[in-house]
Every structure is written in C-alpha cells, then in structure tokens.
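Residue numbers for the sequence shown follow numbering that gives the first Met the number 0, so the first one is 0 and each next one is one higher.
Written below as structure tokens is the structure these notes are about.
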Amino acid sequence: MRQEIIEFNKSQRVKAVPDLQAGDVVKIYMRIKEGEKERTQMFEGLIIAISARQSSSPKITVRKVSHGVGVELILPVYSPNIEKIELVKRAKVRRAKLYYVRSLTAKQSRMKYKDIKDYTQKDAEGIKNDTEAEKPAEEAKAEEDTVIAESEQ
0 MRQEIIEFNK SQRVKAVPDL QAGDVVKIYM RIKEGEKERT QMFEGLIIAI SARQSSSPKI
60 TVRKVSHGVG VELILPVYSP NIEKIELVKR AKVRRAKLYY VRSLTAKQSR MKYKDIKDYT
120 QKDAEGIKND TEAEKPAEEA KAEEDTVIAE SEQ
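Following this line, the structure appears as structure tokens:
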C-alpha cells in the first residue's frame with residue numbers, strides 16, 4: 000500500500016527540479032500572495048539540509064544572511080507555491096547536513112565551488128529523457144482509448 004501511495008505522489012509531480020544536494024546555492028522563485036495581489040519573490044541561499052529525501056515530498060532547508068541576520072527557510076520541494084528552483088553553484092562538501100554553517104561567520108563559511116555547467120546539462124538531459132519516456136506511454140494510452148471508443152460504436 001505504501002509503495003502505491005509513493006507511486007501516485009510521484010505521478011502528480013509536474014515540476015522538473017534539478018538534483019539538489021547539501022552545499023548547493025539555489026535561487027527559489029516563490030509565489031507570495033498579499034491581499035488581492037500575487038507576486039513572485041526570489042530567495043537565494045545555501046542548502047544546508049535535505050530531509051525526507053526518499054519520501055514523496057522531500058524538504059530543503061535554505062540559509063542566507065540578509066543584512067547581518069541569518070534567515071532560513073524550510074520548504075517542500077514540490078510545493079505549489081514554488082514556481083521554480085534554479086541551481087546557481089555547487090560546493091564541494093563532505094557532509095549531508097551543514098548545520099555547522101550556522102555558527103560560522105560569512106568569511107569562514109566560504110566553500111570551494113565546482114563548475115555548475117556540467118551538472119545543469121546532465122539535469123536537463125535527465126529531465127528530457129524522463130519526458131520522452133512518458134510520451135510513448137501517453138500515446139499508447141490515447142491509442143487504446145480510440146480503439147475502445149471505436150469498438151463501442
């Protein structure tokens with residue numbers, strides 16, 4: 000039963016999200032509703048943790064320092080309020096959770112970053128392959144529906 004629920008939740012995901020890891024610097028575009036108006040706000044920060052990675056709805060903890068104050072957001076990756084997640088940089092880290100960054104100063108928390116072009120290209124190819132794999136299944140289902148409809152007439 001649990002596996003069926005996970006498969007159903009995966010089928011409901013409509014957003015393509017890059018492969019995220021602790022140490023990545025990401026830009027998150029969120030929809031903010033203020034009264035009657037709705038706008039998009041960008042939040043750029045370092046992913047310090049990914050929780051429930053194996054579940055159907057993983058959450059990321061993103062941290063940035065704004066005007067000398069540390070700000071952390073804990074967001075579900077597939078939240079409908081998130082428009083998109085952009086990968087900016089990928090750091091070389093040796094931990095799954097970077098909670099120690101909270102106690103470091105800005106200068107101490109600098110990390111060595113890798114070249115991001117390789118990762119974004121691989122992610123784009125992976126997303127393209129996933130969507131191409133879904134198309135034949137959808138076309139086959141559409142053909143089955145037309146055959147069934149013709150046989151009923």
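Beta carbons are placed, not taken as given, at the ideal position from N, Cα and C, and that holds for glycine.
Tell me whether residue i sits in a helix, a strand or coil according to DSSP, three-state version.
| i | result |
| --- | --- |
| S102 | helix |
| R38 | strand |
| V92 | coil |
| A21 | coil |
| R62 | strand |
| K14 | coil |
| R175 | The structure shown does not extend to residue 175, since the chain is modelled only from 0 to 152, so the question has no answer here. |
| A51 | coil |
How far does the alpha helix (DSSP H) with residue i in it reach, from first residue to last?
| i | result |
| --- | --- |
| R1 | R1 to Q11 |
Between which residues of its own chain and residue i is the CB-CB distance below 8 Å, once the five residues before and five after are set aside?
| i | result |
| --- | --- |
| E37 | R30 and I31 |
| T39 | Y28, M29, R30, I31 and E82 |
Beta-carbon within less than 6 Å of residue i's beta-carbon, same chain only, minus the 5 sequence neighbours each way: which residues are those?
| i | result |
| --- | --- |
| R12 | Y77 |
| G22 | A90 and V92 |
Is the beta carbon of residue j closer than 7 Å to that of residue i?
| i | j | result |
| --- | --- | --- |
| M41 | K58 | no |
| L45 | V24 | yes |
In the DSSP assignment, find the beta strand (DSSP E) that holds residue i and state where it starts and stops.
| i | result |
| --- | --- |
| G69 | V68 to P75 |
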